[in-house]
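There are 2 protein chains.
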Amino acid sequence: MPVDGVRLLHDLHALREFGRYKTGVHRPTYSPQDVHSRHWLATRMAEAGLEASIDGIGNVIGRGRGDGPVLLLGSHSETQSHAGWLDGALGVIYGLEVARTLGRGVDVVAWADEEGHFGSFLGSRSFCGLVDDAELDAARSRENDTRLRDALQAAGFAGQPRATIDPARYRGYLEAHIEQGQELEISGRRIGVVTAIVGSRQFRIVFEGVQNHAGTTRMKNRRDAGVALVRLASAIDRRFPEVAGPLTVWTTGRITLAPGAPSIVPGHAEMLFQFRDTDPVLLDVLEQELEALVAEAAKGPCRVSLVRGSRTAPRPMDEGFQSALEGAAQRHVPGLHMRMPSGAGHDAQILASRIPAGMLFVPSIGGISHHWAEDTAEADIVLGCEVFCDAAAQILSRAC
Amino acid sequence: MPVDGVRLLHDLHALREFGRYKTGVHRPTYSPQDVHSRHWLATRMAEAGLEASIDGIGNVIGRGRGDGPVLLLGSHSETQSHAGWLDGALGVIYGLEVARTLGRGVDVVAWADEEGHFGSFLGSRSFCGLVDDAELDAARSRENDTRLRDALQAAGFAGQPRATIDPARYRGYLEAHIEQGQELEISGRRIGVVTAIVGSRQFRIVFEGVQNHAGTTRMKNRRDAGVALVRLASAIDRRFPEVAGPLTVWTTGRITLAPGAPSIVPGHAEMLFQFRDTDPVLLDVLEQELEALVAEAAKGPCRVSLVRGSRTAPRPMDEGFQSALEGAAQRHVPGLHMRMPSGAGHDAQILASRIPAGMLFVPSIGGISHHWAEDTAEADIVLGCEVFCDAAAQILSRAC
């Protein structure tokens, strides 16, 4: 039973209108446009025959009919600020379209705040029982410091209970998403089957030297925190390629020298550094390597300290789901699919802690992501949904 | 005729009370405390027998008696924000004390805005005919964006003419200042005779890459502006020591990665870089070296551009004045003095464009500068003034 490509694209375009910005969308979690879009999604789910509701954290959940365990399909529906129209939305509307196509055995979900305006993966973590009231009490908007509790009140979600997973109900969770990278495009593939979602480790590296006048302080008398930082960053740049795996990524996203004036030798410097890989053993090796480079840097004239920030474990996707997605892709576009890790985080990594999970990627034009220009060819959008639906049907047929 | 150390210290302490902050001073140019201190200085100059006035830019000028060409002695009297009590003030009160001690042949000046709250060397450049009305119209406070014209009006200086130099009147200009570095302290010397004020060249180096998701963008596909910056900064760090002179200094004072988020590959990066030396040929060599390193960096995946900022030429101090200061130092503290360049800029470099100029340094405790904790031992303050007065007397005796 084929999906309806026209209906699929129509719903994606309709969802884009909630907070449209140029060709993209500005729909932060719990903004009026986000709230409107969630009610619209609940209505569309109900029209698809699902029992739809919005829970106390803003998750829109449509329960389908089905005797045996069902598949949970979806993604998040809010966006980053002034960002793309498909990031999240694609997976939600795929779920809706598969529910309409198969008619049974499918629950559909639009998670709240995967993008982290108030936290991170707030909706899917709440559903998996990983968010307590204390976190909700403390959370505030990263943009305007609004309290999460106030935002939920204003959105009209505060009075509802938060839905929680019944693992016995579910065969597993499937999520479709744009790749957000350029691997598919560069290699000419049209479908990515996600093998694992990478684990990431974040660090703040702090350098303490002595602030001085840049004209009167001789080079030999300096303890320049900026120079110490550049030397460590350069050592990482030389050493990491020797130790990393073929798909490891590492990034220095921010560098700050203080006081940051042209004629002052920096007395303080900081860098934000992170790396990601799907292999937990390799993540440990990389962290040991970083520790060794920091220890080497600390032999210089500045104090260097490594502050560990947030870290996530790699999450392998279910092998059976990978095979089902790959088999479906092979039927639709033989040879034009590939297995690949996800370098970005997704709600699927949260769900994977409770039930089997799988992910499908469609190509991102130019790899553009978190920008209003983000896009995917319409043919790829429709193909992705066909493969996704086919894989879901196959998994459900095996389960029953 | 010896200087009066008690009177000297009394006046320095009295001047500190205008805007006192902890053991230092907060006296930005044209602040109420700066205006009060300038009127106080004019009064002290008049009490010393000088014909005192405040000109249209805030320079306090006390004209002394004398038949032949006179010496102009002084420094600036405003301070950096929350900074030291002697930076500038020392040279002004030395001038006053020498005028009182010698009784004739000396003009004393307290320049306005050497510290650059509204420009740079505003008072001494005005006096040397290097500031036009257009500059005054355009200038604004770097702290609060107040227009210079409004600040002069509020200060009560706007109605006055700006004094300009009559080179025929002057034998030359002598300025005393704290060293602001640690050379004297580390080498156990008590007097520095300045050979030249360094020239400086400032640059902004801009890197343009492609902003991307730090999780989904493979290393081989990145054009990371931050990595390009670190590589160039590291190349400078390795190469400059091979080319620089023994007293060259170079500094990266600021690094910015944009957008500066932990999970985004920086698409844009900038660094502020400068170097200083007294040798104009060496400054050219260093600039060529920097150009070569930038050209090498531009072979990588990012665009790199070198934007030239402000530059000052090295200013040698008058040979005769150096000898007079050195001779005086040798009489007071045999062997405990040294010739040295000034790594910081001073009003003397402006005056040197019109008349012979010389500078004397006293030690800075711990080399601390532009900080309220800046200080100099009282014995060094008094000794410095004795040497300064002795040298001035010798120059004047030669001139007459």
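Sequence order for the protein chains is A and B. First residue of the first sequence? That's 1 in our numbering, and the numbers climb one at a time after it. First residue of the second sequence? That's 1001 in our numbering, and the numbers climb one at a time after it. Here a beta-carbon is modelled for each residue, glycine too, at the ideal position from N, C-alpha and C. Computed from a prediction, not measured in an experiment: that's the story for all the values here.
Look at the segment 185-259 of chain A and you find these whole runs of beta strand (DSSP E), each 3 residues long or longer: 191-197, 199-208, 249-258.
In the displayed model, B:E1374 falls within coil according to three-state DSSP, outside both helix and strand. For A:P32, the uninterrupted alpha helix (DSSP H) segment begins and ends at 32-47. For A:H370, the chain B residues whose Cβ falls inside 8 Å of its Cβ are H1213, I1264, in order along the chain. In the structure shown, the three-state DSSP call for A:D107 is strand. A:G84 and A:G24 do touch by the CB rule: their CB atoms are close to 5 Å apart, below 8 Å. Closest option to B:R1311, judged by alpha-carbon separation, among B:S1323, B:G1049, B:R1204: B:R1204. Using a CB distance cut-off of 7 Å, B:S1234 counts as an interface residue toward chain A. The beta carbon of B:I1255 falls within 7 Å of a beta carbon belonging to chain A, placing the residue at that interface. Closest by C-alpha distance to A:N221, out of A:L9, A:G58, A:V333, A:C302, is A:C302. Taking 7 Å as the cut-off, the Cβ atoms of B:A1269 and B:L1229 count as close. Interface flag for A:L8 against chain B is unset, since no Cβ pair is found closer than 7 Å.
At least one CB of chain B lies nearer than 7 Å to the CB of A:L272. Counting only residues of its own chain and dropping the five nearest sequence neighbours on each side, A:E208 has a CB closer than 7 Å to the CB of A225, H268, C302, R303. According to DSSP, residue pairing for B:I1178 in a beta bridge involves B:V1362.
Taking a 10 Å sphere around the C-beta of B:A1297, we find 16 or more other C-beta atoms and assign the residue as buried. Put simply, the CB of A:T23 is far from chain B, with every gap to its CB atoms at 7 Å or more. Listed by position along chain A, the residues whose Cβ is nearer than 7 Å to that of B:N1221 are Q182. Residue-level contact by beta carbon fails for B:T1079 and chain A, as no gap is shorter than 7 Å. Listed as beta-bridge partners of B:R1276 by DSSP are B:S1200, B:V1249. Cβ proximity to chain B below 8 Å picks out E179, Q180, G181, Q182, E183, I186, V198, S200, Q202 from the segment 177-202 of chain A. DSSP links B:H1337 through a beta bridge to B:I1191.
Nearest to A:L272 by C-alpha distance, out of A:I264, A:R190, A:R20, A:L232, is A:L232. For A:V230, the nearest CB of chain B lies under 7 Å from its own CB, placing it at the interface with that chain. Against chain B, the beta carbon of A:A344 has neighbours under 8 Å at H1213, G1215, T1216, listed in chain order. For B:G1123, the nearest beta carbon of chain A is not closer than 7 Å to its own beta carbon.
Contact between B:E1326 and B:V1193 holds: CB atoms are separated by about 5 Å, below the 8 Å threshold. Residues of chain A whose Cβ lies closer than 7 Å to the Cβ of B:R1140 do not exist; the shortest such Cβ separation is about 18 Å. Under the three-state reduction of DSSP output, A:G327 falls in the helix class. Taking a Cβ-Cβ cut-off of 9 Å, the neighbours of A:D237 in chain B comprise V1227, V1230, R1231, S1234, given in sequence order. Boundaries cannot be given for B:T1023, as no beta strand (DSSP E) includes it and DSSP labels it neither H nor E.
Close CB contacts of A:V210 within its chain, under the 7 Å cut and outside five residues either way in sequence, are with R223, G267 (chain order). Taking the Cα positions, B:V1070 is about 16 Å away from B:Y1094. Relative to the Cα of A:E175, the nearest Cα in the group A:A214, A:H82, A:V108, A:G181 belongs to A:V108. For B:A1377, no CB of chain A lies under 7 Å from its own CB, so it is not counted at the interface with that chain. With 16 or more neighbouring CB atoms inside 10 Å of its own CB, A:V92 falls in the buried class.
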